[in-house]
Structures are given as structure tokens and as C-alpha cells.
Amino acid sequence: MKIKDYLFEKLYFILLGLLTYAIIVLFLYGIGNNTQAIMVVSLLYWGMLLAILIIEYVRRASFYQRLLDTAQSLDEKYLLTEMMEEPLFLDGKILMEVLHEVDKSMADHVNLYRSAQADYKDYIEMWVHEIKTPLAAAKLVISNNPSAITDSLHEEIEKVESFVEQALFYARSTSVEKDYLIKELSLQECISKILRKHSKIFILQKISVELSNLDQIVYSDNKWLEFILEQIILNAIKYMDKEEKTLHIYAERKENTIHLHIQDNGIGICPSDISRIFERGFTGKNGRINEKATGMGLYLCKSLCDKLYLGIHAASSEGEGTTITLDFPISTLMLLK
């Protein structure tokens with residue numbers, strides 16, 4: 001609070017003080033007081049008036065400065081009222097009451113939103129559970145009736161399953177920190193499980209898979225990591241266009257990090273798009289060519305990696321292929337930093 005702003009606000013009080021002082025002086029002269037007595041009264045009058053203004057200014061200025069400093073230092077601004085002491089002046093008390101009401105209203109809206117989000121998450125989980133039953137039945141029928149047509153249907157059903165998994169993990173992605181367990185995992189086992197799950201696609205599309213140096217132990221959540229790896233692998237398959245399709249998955253250890261590389265020889269990524277591939281809904285040049293792209297797969301991977309404290313980045317040469325790399329801290333202690 002600036003002094004000039006405060007004095008301007010108190011202008012009516014100062015003018016009233018001047019008027020009162022003039023009346024007092026005229027009255028004292030009128031009843032025959034000498035100049036010395038009037039000067040003593042004047043000093044007492046203006047001393048008390050000045051003291052009132054100074055005390056009021058210090059009280060208000062210190063409160064509003066604390067209010068501003070606290071608001072600027074807090075990441076969660078809604079905690080402002082909890083961090084402030086109750087002021088001693090009336091308009092400060094009114095301000096704090098208003099802020100408390102604002103906080104209460106905001107808390108009610110947040111609780112309403114959380115309740116709606118929880119209901120949506122429960123619905124998605126129930127829907128995914130229900131949709132998996134007919135999908136599993138369809139795959140069973142296909143496996144019992146092998147043909148070129150059913151092979152094609154099997155591939156499409158696996159795509160549907162992938163989108164269903166995306167919907168489920170997207171609904172859960174807002175509360176990953178409440179639903180994960182960090183433990184030792186074998187990269188070899190995680191990758192092998194995904195390759196077995198989608199072996200039919202690799203066979204039908206004649207994709208050659210090369211695995212190397214995957215006998216590494218990393219720390220992460222099994223369920224979330226498998227989803228991330230599955231999305232990256234399926235995304236690589238989606239953009240393979242060469243006659244000899246190759247997927248190379250390998251790991252390397254550098255200092256305190258294990259880097260898992262998933263490399264394909266597909267169409268690659270346009271240089272102008274590479275920095276945006278992890279954005280929500282971004283499909284880029286290749287996505288516009290492939291109209292089935294949603295731009296959600298890599299976005300979910302990045303979102304989950306951030307919550308699991310894993311690094312993820314991409315390197316690509318257009319027309320030659322893409323490499324997606326996951327960075328795993330070697331020690332669980334690094335996850336706690």
C-alpha cells in the first residue's frame with residue numbers, strides 16, 4: 001500500500017480534521033485564550049490525528065503486504081486464507097470473510113467435479129469390462145474358424161481392444177498416483193508379454209522383431225508400463241510401410257539410467273511435427289494421411305511417464321523410421337527425489 005494512496009483514501013478524514021481544528025481555534029480565540037494556549041492545543045490535536053493516521057497505515061499496509069507476499073509464494077492459491085492471520089481492522093475482516101466464502105464455493109465446485117469425474121471413471125471401467133466379453137467371444141470364434149477373412153477380422157478386433165485400453169487408461173490417468181505399485185520388473189518379460197499378445201499382427205504383417213540386451217531390471221508399475229510399451233509398439237506397427245518391416249527393441253545402460261529404445265523402419269515423422277507428437281490429439285502430417293490416427297496414444301504415454309517419473313522422447317528420420325526411448329532410473333531412491 002502506497003502512502004499517497006492511503007492519504008487519498010483518508011482525504012475526507014483529513015479535511016474533516018482541518019475543519020474541526022479551525023472551529024476549535026476560533027472557539028478558543030472567542031473565549032479569550034492566548035496564542036500560547038492555542039498552540040499547545042494545536043500540537044496535541046495534530047499529534048493525536050497524525051498518530052491515528054500512522055497507526056492505521058502501518059496496520060493496513062503490513063496486512064496487505066503479507067496478503068500479497070503469501071499469495072505470490074503459494075502454488076496452491078486456495079490455501080491463502082489458511083495462511084493469513086485475522087486482521088484487526090473492519091474492512092480487513094470483511095475481506096477475509098469474503099475470501100472464506102470464495103474458498104468454500106470453490107471447494108464445493110471442486111468436490112462436485114471430483115464426484116462427476118469418479119462417476120465417469122467408474123462408468124468407463126464398467127463399460128470396458130462389459131465390452132471385453134463380446135470381444136473375447138469374437139476372438140474365440142475367429143480362432144476356431146481360421147481363414148483369410150477371420151485373420152483380417154482378428155486384426156481389426158485387436159485394434160478395437162487397443163482403443164478400449166486407451167479409453168480405460170485415459171480415465172484412470174488422472175489418478176495414477178493412487179493406483180500404482182513401483183517394483184522390480186524385467187524388461188525382457190514385459191516386452192515378451194506384449195509381443196505374445198499381438199503375435200498374430202506380427203505374423204499377418206510379416207514384421208521381423210529384433211530383441212537385444214533386454215535382460216535389465218527396472219523399477220516401475222507393471223500394469224502402467226505394459227500399457228505404455230504396448231501403445232508405442234502398436235503405434236510403430238501402424239506406420240510401417242516398407243516391404244521388409246522391422247521392429248528393433250533394445251536397452252542400454254548409461255550412468256544412473258537404463259534407456260529402452262523401440263525402433264521401427266516405418267515412414268518416420270516430419271521434422272516440424274517431432275516436437276509435438278506427445279501433445280493431446282496431435283496427429284501431424286502422418287496422422288492426416290492415416291485418418292484412423294487419434295493422437296491419444298503417445299499423449300497418454302507421455303502423461304503416464306511423467307506420473308511414473310520416467311523419461312520419454314523421440315528421434316526420427318522422415319522416410320527411414322522412428323525411435324521412441326524410455327528412460328528408467330536405476331535406483332528406486334531416484335524415484336523419491
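Going by full-length UniProt numbering, the sequence shown opens with residue 1, and the numbers climb by one from there.
Glycine residues also receive a C-beta, built at the ideal position from the N, C-alpha and C atoms.
Note that the coordinates shown come from a computational prediction; the quantities given were computed from them, not determined experimentally.
(message) Taking 8 Å as the limit between beta carbons, can you name the residues of its chain near Tyr78, skipping five residues before and five after?
(response) The count along the sequence shown starts at 1 and reaches residue 78 at position 78. These residues qualify, in order along the chain: Asp103, Met106 and Ala107.
(message) Taking the straight line between their C-alpha atoms, what separation do you get for Lys337 and Ile258?
(response) For the purposes of this step, residue 337 is identified with residue 337 of the sequence shown, where counting begins at 1. For the purposes of this step, residue 258 is identified with residue 258 of the sequence shown, where counting begins at 1. Below a pLDDT of 50, predicted positions are generally treated as unreliable, and Lys337, at 46, falls in that range; the measurement from the model is reported next regardless. Roughly 17 Å between the two C-alpha positions.
(request) Spatial neighbours of Ile330 within its chain, please: CB distance less than 7 Å, with the 5 preceding and 5 following residues excluded, ordered by chain position. (result) Sequence index remark: in the sequence shown, residue 330 carries index 330 (1-based). If we look at Ile330 and ignore the five residues flanking it on each side, its Cβ neighbours are Asn256, Thr257 and Ile258.
(message) Which residue wins for smallest C-alpha separation from Ile191, given the options Leu298, Ala251 and Val128?
(response) If you number the sequence shown from 1, residue 191 lands on position 191. Nearest of Leu298, Ala251 and Val128 to Ile191, Cα basis: Ala251.
(request) Note down the Cα distance separating Met334 from Glu184, rounded to an integer number of angstroms. (result) Residue numbering aside, residue 334 sits at position 334 when the sequence shown is read from its first letter. Residue numbering aside, residue 184 sits at position 184 when the sequence shown is read from its first letter. Because Met334 carries a pLDDT of 48, less than 50, the predicted location of this residue cannot be relied on, and the following value inherits that uncertainty. Approximately 14 Å, taken between the alpha carbons.
(message) As a quick exercise: from Ile324, Leu53 and Leu247, pick the residue whose alpha carbon is nearest that of Ile14.
(response) Counting from one through the sequence shown, the residue named residue 14 turns up at place 14. Ile14 has its Cα closest to that of Leu53, out of Ile324, Leu53 and Leu247.
(message) Rounded to the nearest angstrom, what separates Ser317 and Asn111 at their Cα positions?
(response) Numbered from 1 along the sequence shown, position 317 holds the residue referred to as residue 317. Numbered from 1 along the sequence shown, position 111 holds the residue referred to as residue 111. If I take the Cα positions, the gap works out to 47 Å.
(request) Could you check if Ile145 is buried or exposed, using at least 16 other CB atoms within 10 Å of its CB as the buried criterion? (result) Taking the sequence shown and counting its residues from 1, one reaches residue 145 at position 145. For the record, residue 145 in the displayed sequence is Asn; it is not Ile. When all chains shown are included, Asn145 counts as exposed.
(request) Using alpha carbons as the reference points, say which of Pro87, Gly47 and Val25 lies closest to Ile38. (result) If you number the sequence shown from 1, residue 38 lands on position 38. Looking at the Cα atoms, Val25 is the closest of the given residues.
(message) I'd like the list of long-range same chain contacts for Ala315, defined as Cβ closer than 6 Å, with 5 residues on each side in sequence excluded.
(response) For the purposes of this step, residue 315 is identified with residue 315 of the sequence shown, where counting begins at 1. Correct list, in chain order: Thr323.
(request) Note down the Cα distance separating Pro87 from Arg60, rounded to an integer number of angstroms. (result) In the sequence shown, residue 87 corresponds to position 87, counting from 1. In the sequence shown, residue 60 corresponds to position 60, counting from 1. The alpha-carbon atoms of Pro87 and Arg60 are separated by roughly 8 Å.
(message) In whole angstroms, give me the CA-to-CA distance for Gln117 and Gly297.
(response) Start at 1 with the first residue of the sequence shown, and residue 117 comes out as number 117. Start at 1 with the first residue of the sequence shown, and residue 297 comes out as number 297. Near 21 Å, if we compare the C-alpha coordinates of Gly297 and Gln117.
(message) With a threshold of 7 Å on Cβ separation, who are the neighbours of Glu165 within its own chain once the five nearest residues in sequence on each side are excluded?
(response) Here residue 165 refers to the residue found at position 165 when the sequence shown is read from its first residue. Cβ within range, chain order: Phe227.
(request) Tell me Lys183's beta-bridge partners as DSSP assigns them. (result) Taking the first residue of the sequence shown as 1, we reach residue 183 at position 183. Ser220.
(message) Let me make sure I understand the geometry here. Which of Phe202, Arg114, Asp241 and Asp273 has the alpha-carbon closest to that of Asn265?
(response) Start at 1 with the first residue of the sequence shown, and residue 265 comes out as number 265. Minimum Cα distance to Asn265 is reached at Asp241.
(request) Find the nearest neighbour of Ile142 within the set Leu135, Thr150 and Ala136, judged by alpha-carbon distance. (result) What you label residue 142 is simply residue 142 of the sequence shown in a count that begins at 1. With distances taken between Cα atoms, Ile142 lies closest to Thr150.
(request) Have a look at residue 341 and Gly32 and give me their C-alpha separation to the nearest angstrom. (result) Nothing can be reported for residue 341, as the shown portion of the chain is limited to 1 through 337.
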